[in-house]
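In this note's numbering, the protein residues as written are 5 to 115.
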């Protein structure tokens, strides 16, 4: 897996994914974007392919975990930002799978 940039390493494991979640899913995100896909599209337009590649890799690593671990990671990464909620661990895992699929499509369009 590609290493996270030095400036993100303080976030620990899967730092690029943690940074994405904490910075994009702020408390009023839904006032600015109507859907996850719009959030993801806006981010993809503003970042480099290496970052998207790290997001895909880190999502794949996390998707190897049980839904409860995925849910816990997402909850921890979002912290008090409050912009994204899941009603159960399966919903969290499904969201992460959709995110990974979207970012993979962004990568394929950039090549």
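Ideal placement from N, C-alpha and C gives every residue a C-beta, glycine not left out.
*Hey, would you say residue 64 sits closer than 8 Å to residue 104, going by beta carbons?*
yes
*Can you tell me whether residue 5 is buried or exposed, with buried defined as 16 or more other CB within 10 angstroms of its CB?*
exposed
*Taking the alpha carbon of residue 102 as the point to measure from, which residue in 34, 12, 45, 53 has its own alpha carbon closest?*
45
*Is the number of C-beta pairs between the stretch 77-86 and the stretch 28-42 that are closer than 8 Å three or more?*
yes
*With a CB to CB cut of under 6 Å and the five nearest residues on each side skipped, what residues in its chain are close to residue 22?*
15, 81
_6 Å Cβ shell around residue 25 - same chain, five flanking residues per side excluded_ = 81, 82
*Roughly how many angstroms separate the alpha carbons of residue 50 and residue 40, rounded to a whole number?*
16 Å
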